[in-house]
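S.K.: According to my numbering, the sequence shown is numbered sequentially starting from 1.
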Amino acid sequence: AADQNYAEAQGNVGFMYENGLGVEKDHREASRWYRNAAEQGEVKAQAALGRMYETGLGVGKDYQEAAKWYRLAANQGHARAQNNLGVLYRNGYGVEKNQQQALIWYRKAAEQGYAIAQSNLGFSYQYGQGVEKNYEEAFKWYRLAADQGHAIGQNNLGTMYQNGFGVEKDNQEALKWYRKAADQGYAIAQANLGFMYKHGYGVKSDYQEALKWYGLAADQGNAKAQNDIGVMYISGHGVQKNYQEALKWYRKAAVQGYAVSQVNLAIMYKNGHGVAKNSLEAMTWFQKAAEQGNPNAQRNLGFMYEKGEGGQRDRAKAIGWYQKAADQGDHYSIQALKRLRP
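#1: Starting from the C-beta of A344, find all residues in its chain whose C-beta is less than 7 Å away, skip the five residues before and the five after it, and write them out in chain order.
#2: Taking all protein chains shown into account, decide if G329 is buried (16 or more other Cβ within 10 angstroms of its Cβ) or exposed.
#3: To the nearest angstrom, report how far apart Q256 and Q10 are at their CA atoms.
#4: On the DSSP letters alone, give me the boundaries of the alpha helix (DSSP H) that A318 sits inside.
#5: To test your reading of the DSSP string, which unbroken alpha helix (DSSP H) runs of 4 or more residues are found completely within the stretch 48-109?
#6: Using DSSP with H/G/I as helix, E/B as strand and the rest coil, what is Y252?
#7: Please state whether DSSP places L21 in a helix, a strand or coil.
#8: So the candidates are R143, Y233, Q240 and G320; which of them puts its Cα closest to the Cα of A246?
#9: By the 10 Å Cβ neighbour count, where 16 or more other Cβ atoms means buried, how is V260 classified, buried or exposed?
#10: Which complete beta strand (DSSP E) runs does the stretch 237-304 hold, if anything under 3 residues is left out?
#11: What's the gap between the Cα of A2 and the Cα of G14?
#12: Which same chain residues, not among the five before or five after A38, have their C-beta less than 7 Å away from its C-beta?
#13: State buried or exposed for Y127, treating a residue as buried only when at least 16 other CB atoms are found within 10 Å of its CB.
#14: Would you report the Cα separation of Q335 and A318, rounded to the nearest angstrom?
#15: Is N163 helix, strand or coil when you go by DSSP?
#16: With distance defined between alpha-carbon atoms, name the residue in E136, A316, Q101 and V231 nearest to Y161.
#17: List, from N- to C-terminal side, the alpha helix (DSSP H) runs of 4 residues or more that fit wholly inside the stretch 134-161.
#18: Which whole-angstrom value describes the C-beta separation of A174 and K224, a residue pair presumed to lie in contact below a C-beta threshold of 8 Å?
#19: By DSSP, does G230 sit in helix, in strand, or in coil?
#20: I need the straight-line Cα distance from A81 to R107, nearest angstrom please.
#21: Where G345 and G302 are concerned, what is the direct C-alpha to C-alpha distance, given to the nearest angstrom?
#22: Using a Cβ-Cβ cutoff of less than 6 Å, which residues in the same chain neighbour F286 once the five nearest sequence positions on both sides are dropped?
#23: Note the first and the last residue of the continuous alpha helix (DSSP H) segment covering Y214.
#24: For P342, is the classification buried or exposed, using 16 other Cβ atoms within 10 angstroms of its Cβ as the cut-off for buried?
#25: Would you grab the beta carbon distance between Q118 and G153 for me? Rounded to a whole angstrom, and I think it's under 8 Å.
#26: With the cut-off set at 8 Å, would you say N353 and A189 are in Cβ contact?
#27: Can you confirm whether L193, when its beta carbon is compared against all beta carbons of chain D, has any partner nearer than 8 Å?
#28: Sorted by chain position, which residues of the same chain lie with C-beta nearer than 8 Å to F165's C-beta, five sequence neighbours on each side aside?
#29: Mind checking which residues open and close the alpha helix (DSSP H) that includes R339?
#30: Is V349 helix, strand or coil by DSSP?
#31: What are the start and end residues of the alpha helix (DSSP H) that includes N222?
#32: Give me the residue from N278, M304 and K277 with the minimum Cα distance to A290.
#33: Kindly list the residues whose CB is nearer than 8 Å to the CB of S205, restricted to its own chain and excluding five residues on each side of it in sequence; keep chain order.
#34: Is it the case that the Cβ atoms of Q208 and A187 are separated by a distance below 8 Å?
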């Protein structure tokens, strides 16, 4: 075979080793063949080698090497490499963090119809990363990704419809797109779909359906869904009221750092619901959430320091936490400060 064909053939051998096609799967061997092809300028091999360095498959993880090979492939117009280079810029992996550069590379890939990049570009516009916030542009790019069946794009399109960002608010459309993504197993969309069923947005309220979708998301470790299952056990919506079950689900989300669940777990310990009353344990969880800026936790922590629950009274600490909550507009804390600062 001619040299160019030879390079392509080497890349194909790499692909066979990576995927175990006709040979035993061997990532190290795959990376060797990819490198041979990539050094001859074979674009697919350059992109593949970049991915191996990014993930540490068959080679030591090395983001700078990943960026180098992605860039070579990206400059040859390889859409996936362009997108992945954008992701490295967004996170500052192997290159200096640069949201504008991320946007440039996302756009190149998105304009080639690469769905993941279209979704990433939409995200950049929605949150104003590297560009002025623009909901209409975000909606446009999410839509393009969603129409290609990209689950994250479908979910994000759903949130645009639910909130009326860049489009007329429409809960039924939101529900439709959440379902498409949820049916693909995307946990965030499953949690969102559960939320829609629970509250009757765009569909008749149905606690059993809500629990079903929350359960699927929760089993994938989605903290918001785990918390919402806990809430349903507290309220007895679609299930028998059960404090122990609620506690179990709150804990799953709380240990992941989900502040709302940390507060809910703290309240269970404070009131002795589903567990022995334990003010110290309550304080521990309020503290974790308060440090994340949760005003509910900050207020509760202020109250516990003021009353000496879980330890000594500490007026200075009480004032400190009340102040943080008050700065976020918490009404109770504003009143408490008036009381403590005569």
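Each residue gets a CB set at the ideal place from its N, CA and C atoms; glycine is no exception.
M.R.: In short, the structure shows the following:
#1: This structure gives no information on residue 344, because the portion of the chain shown stretches from 1 to 342.
#2: Reading the sequence shown from its first residue, position 329 is the one you call residue 329. Flag for G329 reads exposed.
#3: Within the sequence shown, numbered from 1, the residue matching residue 256 stands at position 256. Within the sequence shown, numbered from 1, the residue matching residue 10 stands at position 10. Those two C-alpha atoms are separated by around 44 Å.
#4: Taking the sequence shown and counting its residues from 1, one reaches residue 318 at position 318. R315 to D327 is the span of the alpha helix (DSSP H), which, as asked, contains A318.
#5: The stretch 48-109 contains these whole alpha helix (DSSP H) runs: 63-75 and 79-91.
#6: The sequence position of residue 252 within the sequence shown is 252, counting from 1. It should be noted that the sequence gives Lys, not Tyr, for residue 252. Residue state, collapsed to three classes: helix.
#7: Translated into positions along the sequence shown, residue 21 becomes position 21. Residue state, collapsed to three classes: coil.
#8: Sequence index remark: in the sequence shown, residue 246 carries index 246 (1-based). For the set R143, Y233, Q240 and G320, the Cα lying nearest the Cα of A246 is the one of Y233.
#9: Walking along the sequence shown from the start, residue 260 turns up at place 260. Around the CB of V260, 16 or more other CB atoms lie within 10 Å, so the residue is classed as buried.
#10: Qualifying beta strand (DSSP E) stretches: none in this window.
#11: Here residue 2 refers to the residue found at position 2 when the sequence shown is read from its first residue. Here residue 14 refers to the residue found at position 14 when the sequence shown is read from its first residue. Any answer about A2 is weak, because its pLDDT of 40 lies below 50 and its placement is not dependable; what the coordinates show is given next. Rounded to whole angstroms, A2 to G14 spans 18 Å at the Cα level.
#12: By one-based count along the sequence shown, residue 38 stands at place 38. Leaving aside the five residues that flank A38 on each side, the residues in its chain whose CB is nearer than 7 Å to its CB run, in chain order, A45, Q46, L49 and W69.
#13: For the purposes of this step, residue 127 is taken as residue 127 along the sequence shown, with counting starting at 1. Result: exposed.
#14: As a working mapping, residue 335 is identified with position 335 in the sequence shown. As a working mapping, residue 318 is identified with position 318 in the sequence shown. Whole-angstrom Cα-Cα distance: 13 Å.
#15: As a first step, residue 163 must be located in the sequence shown, where it is residue number 163. Helix at N163.
#16: On the sequence shown, residue 161 is found 161 positions in, with the first residue counted as 1. Ranking E136, A316, Q101 and V231 by Cα distance to Y161 puts E136 first.
#17: Runs found: 135-147.
#18: One-based indexing of the sequence shown puts residue 174 at position 174. One-based indexing of the sequence shown puts residue 224 at position 224. Contact between A174 and K224 is ruled out by a C-beta separation of about 16 Å, above the 8 Å threshold.
#19: Residue 230 sits at position 230 when you count from the first residue of the sequence shown. The answer is helix: DSSP assigns G230 an H, G or I state.
#20: Position 81 of the sequence shown, counted from the first residue, corresponds to residue 81. Position 107 of the sequence shown, counted from the first residue, corresponds to residue 107. Going by the C-alpha atoms only, they are around 12 Å apart.
#21: The question about residue 345 has no answer here: the residues shown for the chain are numbered 1 through 342.
#22: Along the sequence shown, one-based indexing puts residue 286 at 286. For F286, the CB contacts under 6 Å within the same chain, skipping 5 residues up- and downstream, are A266, A297, N300 and L301 in chain order.
#23: Stepping through the sequence shown from its first residue, residue 214 is reached at position 214. Where Y214 is concerned, the enclosing alpha helix (DSSP H) starts and stops at Y207 to D219.
#24: One-based indexing of the sequence shown puts residue 342 at position 342. Its Cβ having fewer than 16 others within 10 Å, P342 is exposed.
#25: Residue mapping note: residue 118 aligns to position 118 of the sequence shown, counting from 1. Residue mapping note: residue 153 aligns to position 153 of the sequence shown, counting from 1. Q118 to G153, Cβ: 6 Å. Contact.
#26: With the chain running from 1 to 342 in the structure shown, residue 353 is simply not present.
#27: Absent here is chain D; the protein component of the structure consists of one chain.
#28: To locate residue 165, count along the sequence shown from 1; it is residue 165. Excluding residues within five positions, the ones whose Cβ falls inside 8 Å are Q126, Y135, A138, F139 and T159.
#29: Locating residue 339 in the sequence shown gives position 339, where the first residue counts as 1. Element bounds for R339: H331 to L340.
#30: Because the chain spans 1 through 342 in this model, residue 349 falls outside it and cannot be assessed.
#31: On the sequence shown, position 222 is the one that residue 222 refers to. Careful: N222 lies outside any alpha helix (DSSP H) and carries neither H nor E.
#32: As a working note, residue 290 is residue 290 in the sequence shown. Of N278, M304 and K277, the residue nearest in Cα terms is M304.
#33: Taking the first residue of the sequence shown as 1, we reach residue 205 at position 205. Same-chain partners within the cutoff: Y197, K198 and H199.
#34: On the sequence shown, residue 208 is found 208 positions in, with the first residue counted as 1. On the sequence shown, residue 187 is found 187 positions in, with the first residue counted as 1. When the beta-carbon positions are compared, Q208 and A187 stay at least 8 Å from each other.
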